[in-house]
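I have placed the structure first, in the form of structure tokens, so that the comments after it can refer back to it.
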Amino acid sequence: MTFIDRRDLGLLLLRLGTGGVLAAHGTQKLFGWFGGGGIEGTGAMMESVGYKPGKASAVAAGLVETGGGALLALGLATPAAGAAAAGGMAGAAAVHAPSGFFAQSGGYEYAAFLGLVPACLAISGPGRISLDHALGHLVNRDWMVPVAFAATAIGTMGVIAARNRHVRLAQAAPSEQEVKEGPFGEEPAGGAAAQGV
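So the number in our numbering is just where the residue sits in the sequence shown, counting from 1, plus 2.
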């Protein structure tokens, strides 16, 4: 009789819990499930924090979280799934970073932790209670771990850099009120033409 190794059981529970949370967040973005905003609402939110175009960003984030979470829960393609999920959470952490670390202050604590666990699973492997193990680790080879992390890092850095550029441009642009009032305060009634300018 074969007994389940406690490490494998621990990895299974970690995968199911983390993968389930990620997938639930992803379906909030894609389908509006569990009180989420769906593509429209999430797209508007993504646009407001600098991820443009918003709808495309919502779809990408939703697919990464739903797909990565489901694959982690199943223990399939663990290096790619873990790295992708970690990259997605790095993008979320970038939004919260200005508020510091702790979640109670709006910081990146939760996003960082939700990215750390998939990263650790990608490195450690899914354990024997997994589809990767059942399939002979066809998509869970040692060489896939650094490749998955390198590809994810390049993509994530590009996305965050583009987001930071959009945020800087938005901060540098004059507000609608400033444009209306002009450089010397509120424009007189009738506008500049009424003043003979």
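Every residue gets a Cβ at the ideal spot worked out from N, C-alpha and C, and that includes glycine.
Check, Outcome
"Nearest to residue 128 by alpha carbon, out of 174, 84 and 160?", "84"
"Quick one: using the 10 Å Cβ neighbour count with 16 as the cut-off for buried, is residue 191 buried or exposed?", "Unreliable placement is indicated for residue 191, whose pLDDT of 48 sits below 50; the coordinate value is still reported in the next sentence. Exposed is the call here."
"Where does residue 100 sit, in a helix, a strand or coil, going by DSSP?", "helix"
"For a test of the three-state rule: what should DSSP assign to residue 51, helix, strand or coil?", "coil"
"Please report the distance separating the alpha-carbon of residue 38 from that of residue 7.", "38 Å"
"Taking the beta carbon of residue 171 as the centre, do at least 16 other beta carbons fall within 10 Å, making it buried, or is it exposed?", "exposed"
"Would you mind sorting residue 42 into buried or exposed? The rule is 16 or more other CB atoms within 10 Å of its CB.", "exposed"
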